[in-house]
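Structure, as C-alpha cells:
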Amino acid sequence: MRRFAQAALLVLSGLGLLHAALFTDLYLNLVKPGMRPLLIASGVVLVALGVLAAAEAWGLRRPGDGRDGGERDGGERDGGERDEGERDEGEGAHGHGHGHDHSRVPRVAWLLFLPVLSLLFYAPPALGSYTASREPAKAVAVEEDGFDPLPSTSPLPITLTDFTQRVQQDRSGAVGKRTVVMTGFVTPAPGGNGWYLTRIVVNCCAADASSVKVLVHGVAAPKADTWVNVTGTWHPGGTLGTASASVALDALSVTQAPKPSNAYMDALPLTS
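According to this note's numbering, the stretch in the sequence shown is residues 2 to 273, in order.
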C-alpha cells in the first residue's frame, strides 16, 4: 500500500470517528456516552497523523528532492558493486534470475478501507435480537440492602433489571401483586413459548454487551427488534422472591415505542 494510501486511510478513519461522535449519535451504537470525548480525541489524532504522513510522502516525491532518487541510485550502486558470487547466491535462493519485491503490502490490505468508509456512509446498527437470542440473559446482581417500597403508581414503570431483582430476590413478593410496564425490543424465544422483552447493556462498548430478558406470555410476538412498551403482571412460576421464580410477564397490552437514542441502557419506559 503506497504512502498516500496509508495517509488517506488514517485521515478517513479520523473523519469517520469525528463524524460519528460530533455530528450524529451513531457512536452510541458502539460505545457508552462517556466514551465520546475519547472518540473525538482519537479522531483528531488520526487526522493529524494522516496529514503528517501525506506531507512526508509528498516531500519524498517532490521533483529535485534528492532523498528518493538518492536512495534509488544508492541501491543501484550497491547492486552494481556486488560480486558475481553474491548475485548467483541471490538468484539461487529464488530459483531463478528475477528478483521479487517483498516490500509491497498484499492487495487484500485495501479492504481496510471498507470499515473506514462505513463510518462515513453506512453506520453499523446497534446490537439487537440476533445477538440477544444467541446468549443467555445477564446474571442480575443481588440486592444487598433490601428493597424500597414500590410507588403506588399503576401501571408501575420499571426496568427489566429491577423487575428481575424483585421477582427473584424480594421476599415480600410486592411486585407479584402489581401491574407493571416495561420497555425493550422484541427477541424471539426458542420453541415458540412466548417471546422476550429485551434490553442490551454495555459496560464499555458493544464488544462486552450482555442482555436482560423478560419472557412475555399472552400476546403474539411483534416483529423482531421492534421496540415496545409491555404492560402486564408477573407470570406465576416457581417461588416468588427466590431464584426459582420465573422472570416472565402475562401481557395485558403491547404498544410500539420509539427506539431510544441510547439503546445500550436499561431505562424506565417513557409513559404519559
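Virtual Cβ for every residue (Gly too), placed ideally from N, Cα, C.
Note that the segment 7-19 touches the segment 39-51; at least 3 beta-carbon pairs, one per stretch, sit closer than 8 Å. Contact check for threonine 232 against glutamine 169 fails: the beta carbons are separated by 8 Å or more. DSSP places asparagine 30 within a helical segment (H, G or I) once states are collapsed to three.
In the structure shown, arginine 108 falls within a helical segment according to DSSP collapsed to helix, strand and coil.
In this chain, the alpha helix (DSSP H) harbouring valine 12 covers 4-19. Taking 8 Å as the upper bound for CB-CB distance, aspartate 226 and serine 130 are in contact here, some 5 Å apart.
Excluding the 5 residues flanking it on each side, alanine 21 has same chain C-beta neighbours closer than 8 Å at Leu27, Tyr28, Leu31, Leu40, Leu120, Ala124, in chain order.
Under the criterion of beta carbons closer than 8 Å, threonine 180 and serine 155 qualify as touching, at roughly 6 Å. A Cβ-Cβ contact shorter than 8 Å links alanine 133 with isoleucine 201. Valine 141 sits in coil when the DSSP states are folded into three classes, being neither helix nor strand. Here threonine 165 has Val141, Val248 as same chain residues with Cβ atoms under 6 Å from its own Cβ, once five neighbours each way along the sequence are excluded. The DSSP-derived three-state label of tyrosine 131 is helix.
Judged by DSSP in its simplified three-state form, aspartate 267 adopts coil rather than helix or strand. About 56 Å separates the beta carbon of glycine 174 from that of leucine 112, a gap too long to meet the 8 Å contact definition.
Around the beta carbon of aspartate 163, 16 or more other beta carbons sit within 10 angstroms, so the residue counts as buried. Taking every protein chain shown into account, the CB of proline 270 has 16 or more other CB atoms within 10 angstroms, so this residue is buried. In the displayed model, alanine 175 falls within a helix according to three-state DSSP. Less than 8 Å divides the Cβ of threonine 199 from the Cβ of glycine 185. In this structure, the beta-carbon distance from lysine 214 to alanine 138 falls below 8 Å. As the crow flies, the alpha-carbon of leucine 53 is around 48 Å from that of threonine 188.
In this chain, the alpha helix (DSSP H) harbouring valine 117 covers 114-122. Just so you know, the alpha carbons of alanine 268 and glutamine 7 end up roughly 42 Å apart.
Residue pairing from DSSP places histidine 218 in a beta bridge opposite Asp251. Each residue's CA atom was taken as its position, placing valine 182 and tryptophan 235 some 11 Å apart.
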